[in-house]
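**Student:**
Residue numbers (our numbering), protein chains in the order written: chain A, 215 to 413; chain B, 215 to 413; chain C, 215 to 413; chain D, 215 to 413.
Below, the structure is given as structure tokens:
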């Protein structure tokens, strides 16, 4: 087989990212049995739309960065594959807290829902960092032809990930809604500019 | 890695299109707890079948055209990838308004449901146009070997997209059901004939 | 791009087949709110298991035959891609009648559910036949190096499809449960032996 | 077509594994209509998280081992493809017993739920063993260049599969919760170390 270990890993990874993103829409619901005015019900769903867009763009950009990182690698090992599986597990989990935000934002229990949402992003950022640090420390899995400057640039792009999502968790203590808007802003403005998919 | 930036983008895109189309069926439901005569209940589900077929064919043809467009490109940049992500976000969103039409067509709140459905198609057509115009203007991402006549042909195929879906939105003001039938007709008769997948 | 028109079509097709098969499990449900004895409830779910297994194996084998057919082709045209889209539309639809059988078999409304199930397979078989006849008639899309004996062998494998599923529909008039068991038998015994995936 | 029979099989297999893993999250639910304190409700969901993580990691590692096995093969035959389909059928079924464990663990009916969960893993392990034994016995489908030591190593990795999952089923007789924790431990500690994805 002409297949390399990295492409083998990428196939499963690609599938999980694309499916997790597309499943998000299933979490947006209207309780049709108890809806009297559909028009205003659709407008009052704005927390659902916000949560959907935020999670979708975040998954999309993380996926693209994932590919950029993997392109610097020539091999994978058992530990790395397991870290990758943990990363996918967190990405696949995202539809669940997304639904919590969609259903509870702007309602009495919003704080617990946003805690769950922000905490998921923190865990994802931590695992993603560990995943990259494992591969890049001592150039463990990195190809010889990849310039050191490229590794340093990726390191720099990874640095703010954990602090910025920790901040969304902290902000949720004071204002759940501000926390979600910050998560959206990260996805819409910060992540694209910091994204590694530039060539 | 032998991978090019466009194939990287295409993998995620392929997944999202195929999943969004296949998830549509999950939105067709029968409230089994309150169904007394299944046979007639299945016949009364025709708005669901109509919405399902319309959305499925539209996604399928947009996907094929997407491939045709990408085949003319030799590279992608950050902005284009973000536009592509917005396009996928809209395609993935489609199951939600499809369910609204499936549940509300021919019922009291049908107008709001059809507004949401038609508006989603308008937004999709706008983003799809911006996506293509960004790539093709000044041949920004287009390969040198691609003849100008091919770009012009694709431009021509894109031109009617936004106006025709804007028309379905306008018609929904007067007759929601006529709007959905027009969207179906576009998917079944107009899109295939205008499709870019001819060789 | 090194991509051929047939691989372009296959990517979307692969995705839809795999997703449709995997979504089937979502249709198996236990109404946890009203279940008192889970053990016996799980045993009484046998129509769900039967419907799940039948639909899953049928999709899997149709998918493998699809690949075998496409391998004989060197090009695709607009009409063929549209026929392929109609085939995928029917395959994606299958989870819906599968759920109907899962919920209604061995209950009062079973006949309507099994009519819907059998009718879906008939439509699928008809479209699949038209899809192949379109490609193979006059060797329209067939590669020059493919021996005529191969085309004849595939033709022969396609011949019983429509009659055999029409028979399941007919049998549903007299015994819905016998109809489902016949559909299962086709998937478990007939389809694998007639399958085109032998080399 | 440059495609080999094994890649043809792998595409469908990749899709089903990735989708089955990602669908798992849809089975974790909170009955939002009857939840008064979301925070404590989320903490009480720990059986759901346990079931989700266990099933996800198991699917991920089985998938990677699947690839490693297929890499030793140069061809597939009809029987093998059918065995592969049965394996996928079992993997796709996993979200159902996962939901049962998620909903019933630590509740009155937990034993039946855990029986279903453990039994599914036993069936999966049996089919997976048959699948590999069929391919490797007499090197039926194995490539000539693959050293016998590699086959023996894979055989050795397969040996404990059925007994260890049979043990989880046995333990469920005495303690359902211990059975689930053992299944988790297998996924988190045993499977990664026994995994075939080491190079």
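For glycine and all other residues, C-beta sits at the position ideal for the given N, C-alpha and C.
Cβ closer than 7 angstroms: which chain C residues qualify as neighbours of residue 230 of chain D?
**Tutor:** Result: 232, 235 and 236.
**Student:** Counting only beta-carbon separations shorter than 9 angstroms, does residue 290 of chain B have a partner in chain C?
**Tutor:** Answer no: the Cβ-Cβ gap between residue 290 of chain B and chain C never drops below 9 angstroms.
**Student:** Along chain B, which residues have their Cβ under 7 angstroms away from the Cβ of residue 318 of chain C?
**Tutor:** Per Cβ cutoff of 7 angstroms: 252.
**Student:** Taking the straight line between their C-alpha atoms, what separation do you get for residue 306 of chain A and residue 231 of chain A?
**Tutor:** Going from the Cα of residue 306 of chain A to the Cα of residue 231 of chain A covers about 7 angstroms.
**Student:** Have a look at the DSSP bridge pairing and note the partners of residue 287 of chain B.
**Tutor:** DSSP output for residue 287 of chain B lists B/356 as bridge partner(s).
**Student:** Indicate whether residue 311 of chain C and residue 333 of chain C have their beta-carbon atoms separated by less than 9 angstroms.
**Tutor:** Yes, these two residues count as a Cβ contact at 9 angstroms.
**Student:** Taking 9 angstroms as the threshold (C-beta atoms), are residue 252 of chain B and residue 314 of chain C in contact?
**Tutor:** Yes. Within cutoff.
**Student:** Can you tell me the Cα-Cα spacing of residue 266 of chain A and residue 304 of chain B, whole angstroms?
**Tutor:** When rounded, the distance between both Cα atoms is 11 angstroms.
**Student:** Assign residue 359 of chain D to buried or exposed, taking buried as 16 or more other Cβ atoms, counted over all protein chains shown, within 10 Å of its Cβ.
**Tutor:** The residue in question, residue 359 of chain D, is exposed, as its Cβ has fewer than 16 Cβ neighbours within 10 Å.
**Student:** What is the DSSP secondary structure of residue 262 of chain B, counted as helix, strand or coil?
**Tutor:** Residue 262 of chain B falls in the helix class under three-state DSSP.
**Student:** Would you kindly work out how many angstroms separate the C-alpha atoms of residue 322 of chain C and residue 239 of chain B, rounded to a whole number?
**Tutor:** Using only the alpha carbons, I get a separation of about 25 angstroms.
**Student:** If we require 4 or more residues per run, which alpha helix (DSSP H) segments fall completely within the region 306 to 386 of chain C?
**Tutor:** With a minimum length of 4 residues, the continuous alpha helix (DSSP H) runs that stay inside the region 306 to 386 of chain C are 309 to 318, 324 to 350 and 362 to 372.
**Student:** Using a 10 Å radius around the Cβ and a threshold of 16 neighbouring Cβ atoms, would you call residue 350 of chain D buried or exposed?
**Tutor:** Classification for residue 350 of chain D: buried.
**Student:** Using the three-state DSSP reduction, which class does residue 276 of chain A fall into: helix, strand or coil?
**Tutor:** Residue 276 of chain A falls in the helix class under three-state DSSP.
**Student:** Helix, strand or coil for residue 407 of chain C, going by three-state DSSP, please let me know.
**Tutor:** DSSP places residue 407 of chain C in helix when its eight states are reduced to three.
**Student:** When you compare the CB positions of residue 221 of chain B and residue 402 of chain B, do they come within less than 9 angstroms of one another, or not?
**Tutor:** Their beta carbons are not under 9 angstroms apart, which means residue 221 of chain B does not touch residue 402 of chain B by this criterion.
**Student:** What's the call for residue 257 of chain A, buried or exposed, on a 16-neighbour Cβ count within 10 Å?
**Tutor:** Exposed is the call here.
**Student:** Using 8 angstroms as the cut-off, can you tell me whether the region 285 to 299 of chain A makes contact with the region 338 to 357 of chain A, which would need three or more C-beta pairs spanning the two stretches below that distance?
**Tutor:** In short, these stretches touch, since the Cβ pair count reaches three.
**Student:** Once you ignore the five residues that flank residue 331 of chain A on each side, which residues in its own chain have a CB closer than 6 angstroms to its CB?
**Tutor:** Excluding residues within five positions, the ones whose Cβ falls inside 6 angstroms are 311 and 315.
**Student:** Mind listing the chain A neighbours of residue 261 of chain B? Cutoff is C-beta to C-beta under 9 angstroms, in chain order.
**Tutor:** Residues of chain A passing the Cβ test: none, with the nearest at roughly 13 angstroms.
**Student:** Please report the straight-line C-alpha distance between residue 406 of chain B and residue 228 of chain B, rounded to a whole angstrom.
**Tutor:** Residue 406 of chain B and residue 228 of chain B: Cα-Cα distance of roughly 19 angstroms.
**Student:** Kindly say whether residue 240 of chain D, judged by its beta-carbon, lies nearer than 9 angstroms to any beta-carbon of chain A.
**Tutor:** Taking Cβ atoms only, chain A reaches closer than 9 angstroms to residue 240 of chain D, which makes this a yes.
**Student:** Can you tell me where the alpha helix (DSSP H) holding residue 253 of chain C begins and where it ends?
**Tutor:** Residue 253 of chain C -> alpha helix (DSSP H) spans 252 to 257.
**Student:** Can you give me, in chain order, the residues of the region 351 to 366 of chain C that have a beta carbon less than 7 angstroms from any beta carbon in chain B?
**Tutor:** Within the region 351 to 366 of chain C, no residue qualifies.
**Student:** Residues of chain C with a CB under 7 angstroms from the CB of residue 256 of chain B: which are they?
**Tutor:** Result: 326 and 330.
**Student:** Can you pull the chain B neighbours of residue 222 of chain C, defined as C-beta to C-beta under 7 angstroms?
**Tutor:** 281, listed in chain order.
**Student:** If you draw a straight line from the C-alpha of residue 300 of chain C to the C-alpha of residue 261 of chain B, how long is it?
**Tutor:** Each residue's alpha carbon lies about 18 angstroms from the other.
**Student:** At the 9 angstroms Cβ level, is residue 299 of chain B part of the contact set with chain A, yes or no?
**Tutor:** With 9 angstroms as the cut-off, residue 299 of chain B counts as an interface residue toward chain A.
**Student:** Check whether the Cβ atoms of residue 386 of chain C and residue 329 of chain C lie closer than 9 angstroms to each other.
**Tutor:** Yes; because the gap between Cβ atoms is below 9 angstroms, this pair is in contact.
**Student:** Return the CA-CA distance between residue 346 of chain C and residue 270 of chain B, expressed in angstroms with no decimal places.
**Tutor:** Between residue 346 of chain C and residue 270 of chain B, the C-alpha separation is close to 21 angstroms.
**Student:** Can you check whether the C-beta of residue 309 of chain B is within less than 9 angstroms of a C-beta belonging to chain A?
**Tutor:** Closer than 9 angstroms to some Cβ of chain A, the Cβ of residue 309 of chain B qualifies, so yes.
**Student:** Given a cut-off of 9 angstroms, decide if residue 339 of chain B and residue 376 of chain B are closer than it, judged by their beta-carbon atoms.
**Tutor:** Their beta carbons are under 9 angstroms apart, which means residue 376 of chain B touches residue 339 of chain B by this criterion.
**Student:** Is there at least one Cβ from chain A nearer than 9 angstroms to residue 277 of chain D's Cβ?
**Tutor:** Judged by the 9 angstroms Cβ criterion, residue 277 of chain D is in contact with chain A.
**Student:** State the Cα-Cα distance for the pair residue 370 of chain C and residue 364 of chain C, rounded to the nearest angstrom.
**Tutor:** When rounded, the distance between both Cα atoms is 10 angstroms.
**Student:** So, with DSSP's three-state summary, where would you put residue 233 of chain B?
**Tutor:** Residue 233 of chain B: helix per DSSP, three-state reduction.
**Student:** Determine, for residue 407 of chain C, whether the minimum Cβ-Cβ distance to residues of chain B falls below 9 angstroms.
**Tutor:** No, residue 407 of chain C does not count as interfacial toward chain B.
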